[in-house]
Each structure stands twice: as structure tokens, then as C-alpha cells.
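Residue numbers (our numbering), protein chains in the order written: chain A, 1 to 131; chain B, 132 to 591; chain C, 592 to 1232. Encoded as C-alpha cells, the structure appears first; notes follow it.
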Amino acid sequence: MNPQIDKMTPGSYIPTDYLPVLIFMMIAVAFGAGTLLVGSLFRLRRPYKEKLTPYESGNPPVGEPRYRFSIKFYIIAMLFVIFDVEAVFLYPWAVVYNKIGLYALIEMMLFIVILLVGYAYAWKKEAFKWD
Amino acid sequence: MNIPFPDLRPVTPEIIMTLSATALLILELIFKNKGVLAFIGILAAAAVMYIMPASMGETFGGMFISDSYSIFFKFIFIINLILTILISLRYIQRQKAEYGEYYSLLLFATAGMMLMASAKDLIILYLGLELMALSTYILAGIKRHDVKSNEAAIKYFLLGGFSSALLLYGISLLYGMTTTTDIYKIAEHLKATGVTTTLLLSMILIAVAFLFKIAAAPFHMWAPDVYEGAPTSITAFMSVGPKAAGFAVIGRVFYTAFQNIQTDWTTILIGIAILTMAVGNILAIVQTNIKRMLAYSSIAHAGYILLGIIAGTTEGLNAMMTYLFIYAFMNIGAFAIVIILDRGEELSDYEGLAKNRPLVAALMLVFMFSLTGIPPTAGFIAKFNLFTAVIKAGYTWLVIIAVMFSAISAYYYLRVVMNMYMKEMKQEAAIHLSPSLSLAILITVLMVLIIGIMPSMVIG
Amino acid sequence: MDKYLLIPLLPLIAFTINIVFGKGIIKEKAHWVSILAVLGSFVISASTFTEVLNGKIINYDVYNWIVSGNFRVTIGFLIDQLTAIMLIVVTSVSLLVHIYSVGYMHGDKGYYRFFAYLSLFTFSMLMLVMGNNLLQLYFGWEAVGLCSYFLIGFWYEKKSAADAGKKAFIVNRFGDFGFGLGVIMIFLMLGTVHYSDIFSKVGTLTGQTINILGYNVDLITLIALLLFCGAVGKSAQIPLHVWLPDAMEGPTPVSALIHAATMVTAGVFMVARFNPLFSLSEVAMNVVALTGAITSLFAATIALVQNDIKRIVAYSTVSQLGYMFLACGVGAYGAGIFHLYTHAYFKALLFLGAGSVMHAMAGELDVQKMGGLKKHMPITYITFLIASLSIAGIPGLAGFFSKDEILWLAYNHGMVGKIVWAMGTVVAALTAFYSFRIIFLAFHGKFRGTHEQEHHLHESPKVMTIPLIILAIGAISAGWFGIPAALGGSNAIAHFFEPVLGHPHVTAGHEEEFMVMGISIAAAIGGIFISWIFYSLKPEMPKNLAKKFKRIYITLWNKYYVDELYDFIIVRPMKWLANSILVAVTDGKIIEGIVNGVPQAIRNFSERLRKLQTGQLQHYGLGMALGLFVILALVLIAAGR
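Given below as C-alpha cells:
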């Protein structure tokens, strides 16, 4: 925790450290908007039918653009996120492991066991099978 | 900096609840007969109930507290859980929604509520709230092949997400002002700084999130649709558990963290309470579906219960807790009757019920009387107790309004009774009776009558 | 469990058993359950009575229901001299009526239901008289009203019966509204609802006033009059007497039990119970006395010309209830309760006798179509005659002693007392007249009904006549406890009541007492004599008189047009309001107008409000956001101020 913050009276704190970030964001937004604005001011406008069709890498579009993906994609994606986060959590734990010792070890084991239960559940429910 | 090993005794109930929920998830893979899972769930709940009184104390560096306040609420949650499991057993079979996850999710939701009641830190509170909310979203949509059930779940989920966002916004503002998420430390900080606009903003944001959970107007709109679409057993569960949990956190956060702006939030809550009673009672009148009617009725009851918070006294809080305790029995009882009937979701299904199912009709009569607040049922005691506490706190005019709305409520509750006793029967009502359902109804009706006749059991 | 608790509990148990098992299992044996229960109550009441006679006063809380600060809702019993005598009256008459009903209701399809309601009524009445606090009295008060409503409308297929039930219910609401206010006032002013606390604290209210619309009203008078409102409704006094004669649509045993002996006397009981309060306000006392006297005279005159046998007896009841209030109003509470007690027997007997006649006449009620029943039903005749002699006040019978006591004490009560005494004496003559009018028209002379009816005339079965005989014994001997000192008696009952009800101090001597007694005896005998001339000696005389005083006759025949008056000043304006304001909502009936009108307005509003609930998720989200912003804006505006 930043020791400076504690000394200030709560409520009056203005996060000056983040000012560059704010400026950066404003420049980014201004750049994007400005480019589009300038482009639309100077470009030629000659629309015809082929030009207005969606760009599909040069192929003429076939069928509805709205397409129902198989729910399997989502399941896989969710499982990926879950186990990805698990791995991410392990890094900070490993870094400070020496300092917090046994307690953190047990905590982390619990965390992994819970995920394992989820893993077994997903497996048995055939979430990993494609068809 | 070696972190000391935390004292686990205060959290044992939550640990057991979570472990059982997880275990159910695994066992679901093994057992074909889902009734076994229900039984295990009840056993777990009973075990939690048994050890709960011994779990007093603080732990995890003061983020978690188990005091008499939270334990009382946990009792309500456990009772809610047990009764819900009892009324679910056959019902979800009939609804073709018999998944093992059903029971697991019920336990998870209850664990979330318990965490909420015990949270001494806003982060824990948020975690508990999300655990409860996510589980109930799924439960609301557990009838996977029913469009209405799906709709209920997605509505509840999206609006719930909205309210969670508001809550987080409020918490982050509060953290920004006080550099802590500990509810008691926040109170100390705020005493030193005094009232600022930011504080009011954060209080309102947090209030709105909680009011959403208890379905207070104007944040109630999800309730009728969700209650109607969800399986009836889950409607019963939702109308008691999350509501009680919402009141638990309102009581805790507003009485401690926002102590120094009590006048401000009291004013807001008075407006909300009146609006809630008005919307709930007036809209309940035109409903033709009994689940929707009970949804509006539960909105109206949230309005009454808010009065206990408004009172601002210990007596008011106690009255609020008693009310929730009694409400759990009478409301689940009424839903149990809806479940027992083969076709019992429309008001017209109750016409002439007294002639062909006199016992079922008589039980429904007891629950309707209790919800109206007619002595000698528990509902009367609940209202009486609450209103006296509020009058003692000096809000006589508010009680007069509440009594007026209560009188309006008689119209729609007694309409069910009138349908049962005074209308001609259209067709024979088939019922689905099972031992567990009968047990649930027996427990609820006995509690409603016993508390009504011997109120000293729960008051004082 | 102590035995006092059993007194009301037994009938309650009987009610529960009959209502649960009556339809399927017990059926036509339902009477056994109820009769045994009431018999049990009667036996315990009798033993309790002897305890009270030996000076024991029972006052305790059985069960604390809600205790919240100084507001205590409890079930408790106070059994003192007043309650003890009420217990005897209620359980004994109830027992006899139960037995009588076995014969009277035989074969009715609602047989078990009838006995269940009778038991429920007995329970409620016992709770009413035994309570040691106002709320229990109020509970019993409403409960007996509800039972009476059920029983008047017992034959609900009959429209007139259903209407009479409704009428009784609604008219009583007017009185009960005042009564309820009185109860609330007592709690607000004294902070308690228990009799013992009320009576010990009521003195502190003396001289206090309360401002109502700019007038300073004496607090005690106000409370007393509010309570009296309830008594006026329940005991059918002017101006709320209209429901009682209509209540005769119910089965006759019900009329005997509820509308003669017990429920309607609850008002008198209440006034007597609250005598420490009433006695503090002279205005209230005079109102009670005059209301009683006027009602008494008014009802007696109506009874003179009616032809429906039950209605005559009903007006007679209203008149006698007026007598009891007259007594209370002059401070003679003991005499009032004494009359209540004797009246219960002879009036129940009159009703049951009338029922017996109806039984024989296949439901015929018109006395003009009867006649000569004496030889067909001797037991009914003799018992009816005894009851009539008793109510007329012939010396030696019960009615004489109680009526005489009232008149004598009224005579000794100053100006107001003299006025009401004079009215009471006139009523005594009228009472004798109309009572014997029934005797001469129905039992003497020739039969005037159809041949078919004559053929069927028979004495009622034993199960009906035995209660008549027992009641006749009561109608003769019930008064012997109150033989005044002037006649060599000890007036035991006055001394018995003295600890609770007090006894007015009388200075006048025996000579005056003999004079008052003589006048009332003369009035009674005169009434009977004129009745004999009119209806036995010269039957054409009443018709000539009716022709000569046509206007008076028609006024009396139409009961002073009170029903019509109410129709004109209350019912019609209400109907008009209902019709013109809530058009199309009501079908023109006042009750439906009120019951449906207000909810309908709310419903319409509700229908409109309902449109906000669109089912569209985005609208809900918008609603939440709007709610948030409105709260925010309001709070910030308030904070900025």
C-alpha cells in the first residue's frame, strides 16, 4: 500500500499519479476520432452495389451473416479461462511463497482441489468431447 | 511476515456447507437416484444447524464475523434450504428438471447467503452475494427446455449483473474515501470526515444494489417475471433466502458503516418503503397467476420489513428478523400448496377447491390468513411486533400507511380463499402428494399456528 | 389444567369434533357430542357457583398471548358474583336448547352444522362473560355476533333468512364501531385493558375533558357512551333495534338461546360489568335509563298489534331488555342482572313454546290462524301460560320479583327515576296484554287454520316438552332468591350481588314499596283482563278499535316505520351515492356498493399501473437507472439546501 495515501486526509485524495494515463487515453481517443473525421472530409464518395457489400476477402457473401456457433466453443472457452486464471494465480503465490509459508500452501492446495473437482465434473459431463 | 493460521471455528458452518455442495457435485456423477443427493443435502444442513450456535467469533483478520445477528439469519437460510429441498423432491421430477446440480446449487446459494450475513468486510460481502446470485440465476433457469424459465434466468442474470456493478461502484468509492473495506473501520473514518457528496453517492449506489436483492420498488421489476418463470420450488427459495440475506446486509452495512448519515438513508428508505408497499399491494390485486400474485406480495412484505430498518432501533432490527423468520414459513407454505396441486398456478384453479380437497383448501386458508396478518396466525404476530417497534421509534404515521396497505392486501389474499370456498368447482383438482412435501407442509403450518398462538417463543 | 378452563373449552372441543367429523362420521349423532360438552360445562359452572357463593372470587390470567410493554393481550378469567350467575344462565339455557333442538332440528340436512354452531356460540358467550379484560370481552362480543350471523342465516337458501343475517351483521357494525372506539379510548387513557386495573384507575379520569370539534366533553361520559353504543347494538335498543325481529328468520331454538336468553343480554352484562365507570357519569346513566325506558315502551306498543307469534315475542324481548337497561340506568345493576336471569328462563320458554306450536302447525306463525290449541298440546299450553304469567308479573312467579325490584328502585331514584318508573309501569300493563293476547288467540277459542293443519295438530315429542317443563320450573322459581324484605323475604340475590354491583340506598319505607308493588300488580292484572275482554269475550272489539284509531293502528302495525325511515335516510342515499358515483360497478345494492366499490377503484388504478410491467428487459433496466437517478437527484438537492 502506498504510504503516502495514508497520511492524506481521506476524501481529499486526487490520484495525480494516474494523470499521464488519462492524458494518454485522451490522445488515443482524439487520434482515432480525428483520423476518421479527416478521412471522411477529404475522401471521394462513389458508392455502387458491389462496393457496399460486406468485405469477405473477395468472395461473394453466402447465406445469413448471423450464424449460430456450436455451444461447444463457449464451453471450451470458459474452461480455458478458468484454468488459465488458475495458472495466473500460481505465479504470485510462487513468488512470495517463502514469506507466507504453510498457510498459503494449504490455501493454494484447496484452491487447486476445488478446480480439480470442477475438472472431474467437466470431464464426466463430457464437456471436452467435441461430438 | 508470516500470516498466522486463521481460527476456523467461526467459519465451520460455511466450510461444511461449501464442502457438501462440492461433494454433491461429485456424487451427482455417481448416483442415478437424485433423492439420495437431497437427503445428503438435508443432512448437511442439519449438521450446520447443529454446530452453528457454537461458532461465535471473528476470524480471517476481522473480515468474517459470526455473531448472534448473523447466526439468526443463518438459521433462516438453513430453514429455507431444508424446506426448499423437501418441497422440491418430487416436484422437480414432475418438471423434468431433476439434475443433481439442483441440490448442489441450492447449497452453494445458501453458503453465499451465510457469507453475506457474516461479512464484516465489503469484499467478503460481495463474494457471498455473487455466490448466492450466480447460483440462483442458474436455478431460476433450471427447467432448460422451458422458454419461460430461460427468460426468467436471463432477465435475473442481466439485471443482477447491473445491480452488482452498482454495488461495486459504491464500494470502490467508499474505498477511495476511507482506504479500507472493513465495515467498522469505514464507520470510524466517516465519523472523522463528515458528510460529503461522494459519501452520499456511494451510499445510494450500495443501497440500490441491496434494494434490488430484496425486490423493493422501483428495483423490483425483475421479481414478478422471474418468480413466475422459475420452477415454483425455486420461487419459494428465492422469495425468502436472498431477501433475508439482502436485509441482513442492509442491517449490517447501514447500521455500522453509514451510521453518521442515518438521517439521509432513513429518508430514502422511507420513500422506498412506501413506494414498495404501494406497488406490491396494488399490483397484486390484478394478478391472475398465483405465482405472480405471491411475487407482488413478497414485494409488499419487503416494504413492511423495511420499516424495521427505518425504525433505527435494536427493537426494530429484532422485529425485522422475527418477521423474516415467520415469513419464511408462511411463504414457503403457500408455495408448497401451489406445488401440491397438479394445476395450481392460476387463481381460477382454486375455484371450489374446498369442496373436493377440503384439507388442502384449509391449509391454504391458514397461509393466506397468515400472509394477510389475521390473528391467531404467525403473520399477525410478525406484523404486530414490527408495527409496535416502529411506533415506539416514533413513526406512527408510517405504520398507519402500512396498515392501510395491509388492509388492501386482504383483498387479494382473501380472494384465493373466496375462490376456494365460495366459487363452484369447475373440475376435480388432482394433487401430487409425497412424504417429503407433506412433511414440509406440516412443519410450515404447525409453525404458523404455534407461533400465532404462542408468540413468546419467538418474541423476546 | 384447571376446571375453570374446561367451562369454555368443552363446547369448543365439541365444535371442533362436529365440524371436522360431523359430515362424514358423526352425522345425525352430532347432538351427543354437543350436549355432553354443554352438560359438562353446566356441572362445572354449578360447582363454581357454589364456590362463589361461599365468597371465593377467581381472577387469574390463563395465558399471556402478547406482552409488549404495558400492553398485554391475555386470556384470563374473572369469576365473581356477576360472572357466576351469567355462567349458570348461559350453560343451563344452552343445555336445554341443545336438548330441545334434537327434536326440533330432526332430519335437517345441516344437522351436524347446527350443533357445531350452537357449541361455538356457547364457547364464545362463555369467553365473553368469563373474561377478565376488555379485549377478551371484545373478542367474545364479535364472536357471538358472528355465530348469531351464521345461525340466523342457517337456512341460507331462504332469501329472507340470508338477508336477516346480513342485516343483523351490518346493524351491529354501527354499535360495535362505537364500542371499539370505547375500548381504544380506555386503553389510551388508562394504559390497560384489565378490569381490575381499569376500575382502580378510572377515578383518576374524573373531571377530565376532551375537546371534540370545539366542545369540551367529559371524558368518562364519552367513554361510557361509546361503550353503551355497543350495548345498544347488541341488545337491540333504539335506534339499533331493527335487526332483532328480523333475526327470527333463524331456527327457533336459536331465537331462544341467542336472541332471548344470552347474546342479546351481553349489552346489559357489559354495562353492569362496567358499573364503576358508568356510575361516575350522571349523564351517561340518564342516557342509559331513558334509552331503556323508551325502548321498552316503544317495543311493547309494537308488540300489541303484531300477528307473527315469534315477532311478538321478539318485540317483547326488546322491551324487556329495555327494562334491564332502565334498571342499570338508575343504578340498580343488581336488579337489572336479576331480571336478566329470570327473563332468560321465561323468555326462552316462550320461544321454545312458540317453536313447539310452529312444529305442530307445520311452520305457521300467524296467531290469527291458530286457536284452541289448548286441548291438542296441553304441555305446551301450560308451560306457555306459566311463562306468560311470569313475564306479566303475577305475584309469586319469577318475573314478578325481578320486575318489582326494578320498578321499586327506579321509583326511589329522583326525577329521572320517577319518569322511567311511570313508563315501566305502563309497559308492565302492555306486556301483560300482548302476552295474553297470544294465549287467548292461539290456545283458546276455535281453530281458525285449514283442515289439513287441524288434522296434523299434535303435542311435540318428549325431547322437546321436557326442556319446556324444566324451563317452566325456572320461570316459576327463579325469582325466589329475590323476595324483597317487604314481603318477608331476605332479598338474597341483592346481597349476593352487592360486592360487585352495589345496592342503591333506599330511604322510603315499606308502605311506599307496597304501593309501587300494588300499582304494578294492578297493571298486570288489568292488562290480562283487557286482553281477555278483547280476544275471548268480545272478539269484534279489537277490529272496531283498529278501525276507530286507524292511524295509530297502522303506525304500530308498521313498527313506527323505523325500517322505512332507515331505508329513506340511510339506505337510499347510500344507494344513490353508490349508483351515481360508482356507476356500473354495483348492481344497486348498498352492501355490494361498499364492498366492491373501493376495491374496484384500486383495481382500475392497478390495471393502469400494471402497464409499466412490460416484460421488456431494457425497460426494467431503464426503470432501475431512473430510480437510481431520481433518488440521487433528490438527495443531492436536499443536501445542497
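No residue lacks a Cβ here, since even glycine has one placed at the ideal position from N, Cα and C.
Beta carbon proximity, residue i to chain A, threshold 8 Å
{"i": "I582/B", "result": "no"}
{"i": "F500/B", "result": "no"}
{"i": "L270/B", "result": "no"}
{"i": "F162/B", "result": "no"}
C-beta atoms of residue i and residue j nearer than 8 Å
{"i": "I216/B", "j": "L237/B", "result": "yes"}
{"i": "V688/C", "j": "A847/C", "result": "yes"}
{"i": "V629/C", "j": "L669/C", "result": "no"}
{"i": "V948/C", "j": "A1033/C", "result": "yes"}
{"i": "A442/B", "j": "A524/B", "result": "yes"}
{"i": "M369/B", "j": "G1214/C", "result": "no"}
{"i": "V1011/C", "j": "L831/C", "result": "no"}
{"i": "I213/B", "j": "A178/B", "result": "no"}
{"i": "D671/C", "j": "I648/C", "result": "yes"}
{"i": "A492/B", "j": "L484/B", "result": "yes"}
{"i": "G307/B", "j": "I337/B", "result": "no"}
{"i": "F929/C", "j": "G1093/C", "result": "no"}
{"i": "V862/C", "j": "C919/C", "result": "yes"}
{"i": "A1023/C", "j": "A1115/C", "result": "yes"}
Nearest-angstrom Cβ-Cβ length linking residue i and residue j, presumed shorter than 8 Å
{"i": "N1003/C", "j": "P1095/C", "result": "7 Å"}
{"i": "A248/B", "j": "S201/B", "result": "4 Å"}
{"i": "A951/C", "j": "M968/C", "result": "6 Å"}
Within-8 Å CB hit, residue i to chain B
{"i": "I117/A", "result": "Here residue 117/A is Val; the residue named in the question, Ile, does not match the sequence. Chain B, which has a Cβ nearer than 8 Å to the Cβ of V117/A, makes this yes."}
{"i": "Q727/C", "result": "no"}
{"i": "K124/A", "result": "yes"}
{"i": "Y103/A", "result": "yes"}
{"i": "R704/C", "result": "no"}
{"i": "Y121/A", "result": "yes"}
{"i": "G1179/C", "result": "Annotation note: pLDDT 44 at G1179/C (below 50); position unreliable, coordinate value reported separately. Output row for G1179/C: interface = no."}
Identity of the residues DSSP links to residue i by a beta bridge
{"i": "T153/B", "result": "T153/B pairs with nothing; no bridge assigned."}
{"i": "G382/B", "result": "In DSSP, G382/B forms no bridge with anything."}
{"i": "H785/C", "result": "N724/C"}
{"i": "N1195/C", "result": "Note: N1195/C sits in no beta bridge, so no partner."}
{"i": "T1300/C", "result": "This structure leaves residue 1300/C out entirely; chain C is present only between 592 and 1232."}
{"i": "R663/C", "result": "V658/C"}
{"i": "F668/C", "result": "Y651/C, G722/C"}
Residue i burial status per 10 Å Cβ neighbour count (16 or more: buried)
{"i": "D252/B", "result": "buried"}
{"i": "T16/A", "result": "exposed"}
{"i": "T445/B", "result": "exposed"}
{"i": "Y91/A", "result": "exposed"}
{"i": "T974/C", "result": "buried"}
{"i": "Y595/C", "result": "buried"}
{"i": "A1175/C", "result": "Residue confidence is low: A1175/C scores 44 on pLDDT, short of 50, so the model does not pin down where it sits. Its coordinate-derived value is still stated next. Counting Cβ neighbours within 10 Å, A1175/C comes out exposed, since fewer than 16 surround it."}
{"i": "F1220/C", "result": "exposed"}
{"i": "R423/B", "result": "buried"}
{"i": "F162/B", "result": "exposed"}
{"i": "H850/C", "result": "buried"}
{"i": "S1081/C", "result": "exposed"}
{"i": "S266/B", "result": "buried"}
{"i": "K205/B", "result": "buried"}
{"i": "T1177/C", "result": "For T1177/C, the pLDDT reaches just 40, beneath the cut-off of 50, and the residue's location in the model is therefore unreliable, although a value from the coordinates is still provided. Its Cβ being crowded by 16 or more others within 10 Å, T1177/C is buried."}
Contact set between residue i and chain F, taken where Cβ atoms lie within less than 8 Å
{"i": "T328/B", "result": "The chain labelled as chain F is not found among the protein chains of the depicted structure, namely A, B and C."}
Below-8 Å beta-carbon distance, residue i vs any chain C residue
{"i": "V417/B", "result": "yes"}
{"i": "K554/B", "result": "no"}
{"i": "P355/B", "result": "yes"}
{"i": "M352/B", "result": "yes"}
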